[in-house]
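Below you can see the structure in the form of structure tokens.
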């Protein structure tokens, strides 16, 4: 059975490849993309209600340790990061990175515990895939409307 150390190693590898040295606003954008990929993959198996409950718990603990993360909200498509994105420019990069790392590790750990690590290989693979897409020039900004998937238009 895997443990939090393996989840930490996976997230640390993603952060080393994709987030090292980024300014806070870009760090939030990368985090949002990575988290969205994890959410979509877990949603297939666990559904919106279960994932929402898990994220409420994760955000509760994350906000206690990193109060600035209280601006993150859970919605039906995952995390709503617009408020954090707006605050990012005035935040200490290292503390922001620690908080975002905490969310990813905690989310993977709770999902792993809940599913007896059945989803872990797929979730770790998603995090790696997101890194590969970003290395290949894939860009999607946070300015898209929440709940709008890539390639879709928001309804007016």
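Numbering (the UniProt record's numbering), first residue to last: 1 to 156. The C-beta atom is built at its ideal place from N, Cα and C for all residues, glycine as well.
(message) Just list the residues that DSSP pairs residue 80 with in beta bridges.
(response) To locate residue 80, count along the chain shown from 1; it is residue 80. DSSP output for residue 80 lists 73 as bridge partner(s).
(request) Ignore the nearest five residues each way along the sequence and tell me which others in residue 48's own chain have a CB closer than 7 Å to its CB. (result) One-based indexing of the chain shown puts residue 48 at position 48. If we look at residue 48 and ignore the five residues flanking it on each side, its Cβ neighbours are 76.
(request) Return the chain-ordered list of same chain residues with a C-beta closer than 8 Å to the C-beta of residue 12, the five sequence neighbours on each side being excluded. (result) In the chain shown, the residue the question calls residue 12 occupies position 12. Excluding sequence neighbours, residue 12 sits near 101.
(request) Name the residue from 58, 42, 26, 112 whose alpha carbon lies nearest to the alpha carbon of residue 96. (result) On the chain shown, position 96 is the one that residue 96 refers to. Per the Cα distances, 26.
(request) May I have the straight-line CA-CA distance separating residue 56 from residue 43, to the nearest angstrom? (result) Here residue 56 refers to the residue found at position 56 of the chain shown. Here residue 43 refers to the residue found at position 43 of the chain shown. Near 15 Å, if we compare the C-alpha coordinates of residue 43 and residue 56.
(request) Note the first and the last residue of the continuous alpha helix (DSSP H) segment covering residue 103. (result) What you label residue 103 is simply residue 103 of the chain shown in a count that begins at 1. Counting along the chain, the alpha helix (DSSP H) containing residue 103 begins and ends at 93 to 114.
(message) Spatial neighbours of residue 61 within its chain, please: C-beta separation below 7 Å, excluding the five flanking residues on both sides.
(response) Within the chain shown, residue 61 is the residue found at index 61, counting from 1. Within the same chain, residue 61 has close Cβ partners 106.
(request) Answer yes or no: do residue 98 and residue 66 have a C-beta to C-beta separation smaller than 9 Å? (result) Start at 1 with the first residue of the chain shown, and residue 98 comes out as number 98. Start at 1 with the first residue of the chain shown, and residue 66 comes out as number 66. Yes, they are a contact pair.
(request) Quick one: give me the first and last residue of the alpha helix (DSSP H) that residue 54 is part of. (result) In the chain shown, residue 54 corresponds to position 54, counting from 1. First-last of the alpha helix (DSSP H) with residue 54: 24 to 65.
(message) Considering just the uninterrupted stretch of the alpha helix (DSSP H) at residue 13, what are its terminal residues?
(response) Within the chain shown, residue 13 is the residue found at index 13, counting from 1. Run containing residue 13: 4 to 18, per the alpha helix (DSSP H) assignment.
(message) Given a cut-off of 9 Å on the beta-carbon distance, is the pair residue 119 and residue 112 in contact?
(response) Taking the chain shown and counting its residues from 1, one reaches residue 119 at position 119. Taking the chain shown and counting its residues from 1, one reaches residue 112 at position 112. A contact, by the Cβ cut-off of 9 Å.
(message) Does residue 21 come out as helix, strand or coil in the three-state DSSP assignment?
(response) For the purposes of this step, residue 21 is taken as residue 21 along the chain shown, with counting starting at 1. Correct three-state label for residue 21: coil.
(request) Determine the contact status of residue 4 and residue 129, defining contact as a CB-CB distance below 9 Å. (result) Start at 1 with the first residue of the chain shown, and residue 4 comes out as number 4. Start at 1 with the first residue of the chain shown, and residue 129 comes out as number 129. The answer is no: Cβ separation not under 9 Å.
(message) Quick check on residue 29: buried or exposed, where buried means 16 or more other Cβ atoms within 10 Å of its Cβ?
(response) For the purposes of this step, residue 29 is taken as the residue at position 29 of the chain shown. Buried.
(request) With a threshold of 16 other CB atoms inside 10 Å of the CB of residue 85, please say whether the residue is buried or exposed. (result) Along the chain shown, read from residue 1 onward, the residue named residue 85 stands at position 85. By the 10 Å Cβ count, residue 85 comes out buried.
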